[in-house]
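Top line first, the protein sequences correspond to chains A and B. The working numbering puts the first residue of the first sequence at 1, with every later residue one more than the last. The working numbering puts the first residue of the second sequence at 245, with every later residue one more than the last. In this text, a Cβ means the ideal position worked out from N, Cα and C, and glycines have one as well. Please read the structure below before turning to the comments.
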Amino acid sequence: MNCLDFRRRIGAEPRSRDPELLAHRDACKDGCAAFWQRAQRFEDDIEAAMAVAIPEGLADRILLAQATGERRRQLVRRRTWMALAASVLIGLAGGGMLWRQADLNSLPALAVAHMPGELDSLDLTQPMTDAQVEAGFVGRATRLKGPAPAGVTYVHDCTVGPYPAVHLVTRMNDEPVVALYMPGKMSSKTTDFRRDGWEGRQVALSGGTLVVMAQGASRGTMDAVERGWRAAIEGPAAPRVGQI
Amino acid sequence: MAPVKEGVNPKQRQYEAMVRALSADLYRYAFWLSRSETVAQDLVQETFLRAWKNLDALRDAEAAKPWLITILRREHARLYERKRLDTVELDDNVPEDTAFASPERSGDAAQVREAMLKLPDKYRDPLAMQVLGGMSCDEIAESTGQQPGAVMTQLFRARQRLKALLGGRAAAEGARK
């Protein structure tokens, strides 16, 4: 490094601790050490001049602005989350209420709710005549298209919820099975249910809906009763072509 | 000011320490950049607010000051963009006096300040970054988007111009010391 390079570097970076610069300063016999000294003093002056007075409380004001902004953001975030949570809760509660309302108005629920006033009918064992059974259906403006199943011990025209119904009890294998036929109440599918100690099935028929249910009856008995009432209400199934 | 409490989260602690350690130098840099106390205060406030939002980007404590200075320069450029139509040539402006309203106004520091205010921006800005920000030529070059050699030339010329503006004082300084 020559003196010109040294002075250019010191002129740009007087505080540099580059070993090459310091070595030249210490070794040079042409006044570079004095130049360096003057540069340091001039730099001291520049630093002193640049150190303008700091406004009182500057750091505190900066921190206050940051803390205030941050708190505001937190409040906005909290309110947003609370609004979201409230929306979700309201949605869930509303959905739950709608579901519960729909469930309470379902046929299985209405059928089970109908039973407490009719429990004595389950104890009847005396078979009814076909004429009595048919009369029960006529009371609901329905005419049977096939023979009623054997072992019908109870028939009565009731109202299940808002629906007019024929209430039947069929005793099969000494097990009472309730059948509630609601003419005109159309449903699109057959579903099984279990509710308040009752097992049952909601069956869609061509002219209405049949609910078959029992407490503790075997599945075979339930199926047989369902088939019997389906055949009586809709008529015997037409023989299928090719079926033996 | 009460010390930072232990319950404060680490990010907040880091931020508070950074504000306390660097706000003075940052304000001084902002002052020499804008030549206005009011603008300098606004710039420092805005810079630290932006720094808070991006604090996770700061990995190294040593890099904090250059990082803040880079943010402040961007804020100043934005401010200049917004106010461009209202701005008059600063070189013709009298700087706000509070920073100079001290007994040293009549002394050497005041003379150097007057001279510094006459420096063109292209010299004063890198000089302030170096003196107040402690930034190397490479760091200044990175922050200003220039080549390090160009920055070195600007720093050399800034000091030469200052000496020229100070005239006999600088010449006398050599003899004085």
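Could you tell me which of the options sits nearest to residue i, measuring between CA atoms?
i, options, result
"A/A217", "A/G200, A/R38 and A/M128", "A/G200"
"A/E234", "A/M213, A/Q202 and A/G146", "A/G146"
"A/L122", "A/D5, A/A113 and A/V155", "A/V155"
"A/T125", "A/R71, A/E43 and A/L168", "A/L168"
"B/R279", "B/R264, B/D365, B/A268 and B/R322", "B/D365"
"A/Q202", "A/E118, A/A109 and A/D196", "A/A109"
"A/I54", "B/T397, B/E306, B/G389 and B/Q285", "B/Q285"
"A/M115", "A/R219, A/K29, A/V212 and A/G96", "A/V212"
"A/E175", "A/D45, A/R219 and A/R7", "A/R219"
"A/R61", "B/A305, B/R322, B/R303 and B/R264", "B/R264"
Is it true that the CB of residue j sits closer than 8 angstroms to the CB of residue i?
i, j, result
"B/L188", "B/L406", "Past the boundaries of the shown model lies residue 188 of chain B; chain B is included only from 245 to 421, so the question cannot be answered."
"A/T170", "A/A179", "yes"
"B/W276", "A/M82", "no"
"A/C158", "A/A148", "no"
"B/L316", "B/L270", "yes"
"A/A111", "A/V152", "no"
"A/T142", "A/V177", "no"
"B/V252", "A/L58", "no"
"B/F400", "A/A12", "yes"
"A/P14", "A/A39", "yes"
"B/W296", "B/Y273", "no"
"B/T291", "B/E325", "no"
"B/L376", "B/L312", "no"
"A/S188", "A/A214", "no"
"A/G228", "A/G208", "no"
Can you list the residues of chain B that residue i reaches, using a CB-CB cut of under 9 angstroms?
i, result
"A/V76", "Within chain B, no residue comes near A/V76; the closest Cβ sits about 15 angstroms away, beyond 9 angstroms."
"A/E56", "Within 9 angstroms Cβ-Cβ: nothing; A/E56 doesn't reach chain B, min ~11 angstroms."
Mind pulling the chain A residues with CB within less than 8 angstroms of residue i?
i, result
"B/M360", "I46, A49 and M50"
"B/Q404", "G11"
"B/V252", "Neighbours of B/V252 on chain A: none; closest Cβ ~10 angstroms, over 8 angstroms."
For a contact defined as C-beta to C-beta under 7 angstroms, what are the partners of residue i on chain B?
i, result
"A/A33", "Chain B residues near A/A33: none, gap ~13 angstroms exceeds 7 angstroms."
"A/R8", "F400"
"A/Q101", "Those do not exist, as A/Q101 stays about 48 angstroms from chain B at its closest Cβ, beyond 7 angstroms."
"A/G69", "L293"
Cutting at 7 angstroms between CB atoms, please list the residues of its own chain near residue i, excluding the five before and the five after it.
i, result
"B/Q404", "none"
"A/F137", "R143, L144 and V166"
"A/A224", "M172"
"A/W36", "I10 and R25"
"A/R17", "none"
"A/Q132", "V155"
"A/D30", "C3"
Spatial neighbours of residue i within its chain, please: C-beta separation below 8 angstroms, excluding the five flanking residues on both sides.
i, result
"B/F344", "Summary for B/F344: the model assigns pLDDT 46, below 50, so the residue's position carries little reliability; its value from the coordinates is reported in the next sentence. For B/F344, where only same-chain residues beyond five positions count, the Cβ hits under 8 angstroms are A354 and R357."
"B/A402", "L363, Y367, R368, P370 and L371"
"A/V88", "none"
"B/A359", "L406, L409 and L410"
"A/A232", "L144, K145, G146, P147, A148 and P149"
"B/R294", "I315 and E319"
"A/D130", "P147 and A148"
"B/M379", "K309, P310, I313, M373 and S387"
Which residues in chain A sit within 7 angstroms of residue i, going by Cβ to Cβ distance?
i, result
"B/M396", "A12"
"B/V263", "A59, I62 and L63"
"B/R272", "M50, A51 and V52"
"B/L376", "M50"
"B/W276", "M50"
Would you mind telling me which residues of chain A sit closer than 9 angstroms to residue i, beta carbon to beta carbon, in chain order?
i, result
"B/Y259", "L63 and Q66"
"B/D352", "D45, A48 and A49"
"B/A422", "This structure cannot speak to residue 422 of chain B, because chain B is shown only from 245 to 421."
"B/A372", "M50"
Give me, in chain order, the residues of the same chain whose beta-carbon lies closer than 6 angstroms to that of residue i; leave out the 5 immediate sequence neighbours on both sides.
i, result
"B/M262", "A308"
"A/F193", "P108 and G200"
"B/S350", "Note on B/S350: pLDDT 40, under 50, position unreliable in the model; the coordinate value appears next. Answer for B/S350: no residue qualifies."
Could you run through the stretch 284 to 309 of chain B and flag, in chain order, every residue whose CB is less than 8 angstroms away from some CB of chain A? Residues of the stretch 284 to 309 of chain B with a C-beta less than 8 angstroms from any C-beta of chain A: Q285, V288, Q289, F292, L293 and W296, listed in chain order.
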